[in-house]
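A quick write-up on the structure given underneath.
Number of protein chains: 2
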Amino acid sequence: MSRTDQLSAVFAALADPTRRAILAELANGDATVTELTAPLPISMPAVSRHLKALEEASLISRVRSGKWRASHLEAAPLRDAADWIERYRRFWDESLDRLEAHLADVQSNQSTAAAPDAATTPTHDKEN
Amino acid sequence: MSRTDQLSAVFAALADPTRRAILAELANGDATVTELTAPLPISMPAVSRHLKALEEASLISRVRSGKWRASHLEAAPLRDAADWIERYRRFWDESLDRLEAHLADVQSNQSTAAAPDAATTPTHDKEN
DNA sequence: GCTACGTTTAACAAGATAGTTAAATGAAAA
DNA sequence: TTTTCATTTAACTATCTTGTTAAACGTAGC
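These protein sequence lines are chains A and B, in that order.
According to the numbering used here, the first sequence is numbered sequentially starting from 1104.
According to the numbering used here, the second sequence is numbered sequentially starting from 1104.
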């Protein structure tokens, strides 16, 4: 299939943890390749190419200012990605409802169970 | 980098238009590989492998029922993807605010312009 | 046990991706 | 103009992805 569409490019860009880390860093303000490379375990050319990928997905823009070239977060394409995913919200909300209903049922049926609340609060880890 | 984490797997799965089409189809109900292949321009083995990718990202589950094996949408991982993207909402909302402010400014400055509303309503195409 | 049907796996090829080091580019500073 | 510094591109390698066709697998029905 096409695979050259905007949405595919954005999701593909987000599929790499290094690129997500770069976007997270840029959320704190513009930065140069050198600055972005510092905390990462890969070479500067590798980061430079990640930036190229992000730029081609329109997730960043870059502007040269003297010797430096700063990368700037461009979040607009994330809106399209969010919108696409949002159409499935009812499915995960639904599932959650069913899960909660089930757990509530289990809980009411075993009246003497200890600390049932632990199970009713699914963990939800965050990543950079 | 790792690239084997759950979030990366989900975004990578969503980066392919064929797989997004499959998820969209499954939103209408469970389906077999044969059914999913019918509208697609690729072979059944190719679709079968897309399903494998979706299953490994935990975006679908599959159950054999006699001769058939139905795929079922599992939307829960989409919640994590949505949550990740949501943290950037302020950036695109911000941009939108600036755009709207700019357009309002332009509009008020050219009092006799025709149909200015067309420009204040950015188009926002949806995809399958 | 055969046969048929739905599905997956194997084997292959083409192209994309992600990293490396070394060389080239572009702009500032001396 | 030569040097220096920030960054990108080139060349290469290894691995992953996505498609194909042909073969294998699993279950149902005769």
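By construction, the Cβ of each residue, glycine as well, lies at the ideal position given by its N, Cα and C atoms.
From a predicted model like this one, the values you see are computed outputs, not experimental measurements.
Can you tell which of the options has its C-alpha closest to the C-alpha of residue i?
{"i": "A:A1178", "options": "A:G1132, A:P1120, A:T1107", "result": "A:G1132"}
{"i": "A:A1141", "options": "A:L1157, A:E1159, A:Y1191, A:T1121", "result": "A:T1121"}
{"i": "A:T1137", "options": "A:P1148, A:R1182, A:S1168", "result": "A:P1148"}
{"i": "B:D1119", "options": "B:S1168, B:L1157, B:L1139", "result": "B:L1157"}
{"i": "B:H1175", "options": "B:V1209, B:K1155, B:F1114", "result": "B:K1155"}
{"i": "A:K1170", "options": "A:R1193, A:I1188, A:T1135", "result": "A:T1135"}
{"i": "B:A1160", "options": "B:L1143, B:A1184, B:L1139", "result": "B:A1184"}
{"i": "A:D1108", "options": "B:L1143, B:R1123, B:E1128, B:D1196", "result": "B:R1123"}
{"i": "A:I1125", "options": "A:R1167, A:R1193, A:R1190, A:R1152", "result": "A:R1152"}
{"i": "B:W1195", "options": "A:R1167, A:D1186, A:R1193, A:R1192", "result": "A:D1186"}
{"i": "B:R1193", "options": "A:Y1191, A:P1180, A:R1190", "result": "A:P1180"}
{"i": "A:Y1191", "options": "B:L1162, B:V1150, B:L1110, B:A1115", "result": "B:L1162"}
{"i": "B:S1111", "options": "B:V1150, B:L1139, B:I1188, B:L1143", "result": "B:I1188"}
{"i": "B:A1173", "options": "B:L1139, B:L1143, B:E1197", "result": "B:L1139"}
Per DSSP, residue i is paired with what?
{"i": "B:I1188", "result": "Looking at the DSSP assignment, B:I1188 forms no beta bridge with any residue, so it has no partner."}
{"i": "B:A1182", "result": "With the sequence shown as reference, residue 1182 of chain B is identified as Arg, and Ala is not the correct amino acid for it. BP columns for B:R1182 are empty, so no partner."}
{"i": "B:L1163", "result": "The question names Leu, but residue 1163 of chain B is Ile in the sequence shown. For B:I1163, which the question treats as bridged, DSSP gives the partners B:L1176."}
{"i": "A:S1146", "result": "Beta-bridge pairing links A:S1146 to no other residue."}
{"i": "A:A1134", "result": "A:S1174"}
{"i": "B:S1168", "result": "B:W1171"}
Considering residue i, what are the terminal residues of the alpha helix (DSSP H) in which it resides?
{"i": "A:L1176", "result": "A:L1176 -> not in any alpha helix (DSSP H); beta strand (DSSP E) instead, spanning 1171-1176."}
{"i": "A:A1124", "result": "1120-1129"}
Assign residue i to buried or exposed, taking buried as 16 or more other Cβ atoms, counted over all protein chains shown, within 10 Å of its Cβ.
{"i": "B:I1145", "result": "exposed"}
{"i": "A:R1182", "result": "buried"}
{"i": "A:A1130", "result": "exposed"}
{"i": "A:E1128", "result": "buried"}
{"i": "A:S1164", "result": "exposed"}
{"i": "A:S1168", "result": "exposed"}
{"i": "A:V1209", "result": "exposed"}
{"i": "B:A1115", "result": "buried"}
{"i": "B:V1166", "result": "exposed"}
{"i": "A:L1117", "result": "buried"}
Could you have a look at residue i and say whether DSSP puts it in helix, strand or coil?
{"i": "A:S1111", "result": "helix"}
{"i": "B:A1116", "result": "helix"}
{"i": "A:A1156", "result": "helix"}
{"i": "A:A1141", "result": "coil"}
{"i": "B:H1227", "result": "Residue confidence is low: B:H1227 scores 36 on pLDDT, short of 50, so the model does not pin down where it sits. Its coordinate-derived value is still stated next. It is coil, neither helix nor strand."}
{"i": "A:T1215", "result": "Bear in mind that the predicted position of A:T1215 carries a pLDDT of just 40, short of 50, making it unreliable; the figure below should be weighed with that in mind. Looking at A:T1215 - three-state DSSP - the assignment turns out to be coil, as it is neither helix nor strand."}
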